[in-house]
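Residue numbers are given in my numbering: position 43 of the sequence shown equals residue 28, and the series is strictly consecutive. Note that beta-carbon positions come from the ideal geometry of N, C-alpha and C, so glycine has one too. In this text the structure is predicted, and so the values were computed from the model without any measurement. All remarks here apply to the structure that follows.
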Amino acid sequence: LASSGIDYNIKIWSPLEASPSFNRVLADEVITRNELMLEETRNTITVPASFMLRMLASLNHIRT
């Protein structure tokens, strides 16, 4: 499994356990929490920080 975040690094993951294990109850709990979080943020608009900084600079320029 490969993952990355906001940085430029990519992390490679591999299982360490000798025998495979899967906890269905735990997986269902995580899925339910993720669905709830998606529902709660459905109407949220994310604005990039660079856009906000440019907007604030423009407003500051207009004010002066």
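Can you find the residues in the same chain that come closer than 6 angstroms, C-beta to C-beta, to residue i, ignoring five residues on each side of it along the sequence?
i, result
"residue -4", "-12"
"residue 4", "none"
Let me check you understand the geometry: is the CB of residue i closer than 6 angstroms to at least one non-hydrogen atom of the ligand FAD?
i, result
"residue 27", "Within the structure as shown, the ligand FAD is missing, as the structure has no ligands at all."
For residue i, which of helix, strand or coil comes out of DSSP?
i, result
"residue -13", "strand"
"residue 16", "helix"
"residue -3", "strand"
If I'm right that residue i touches residue j with Cβ under 8 angstroms, what's the distance once you round it to whole angstroms?
i, j, result
"residue -14", "residue -2", "4 angstroms"
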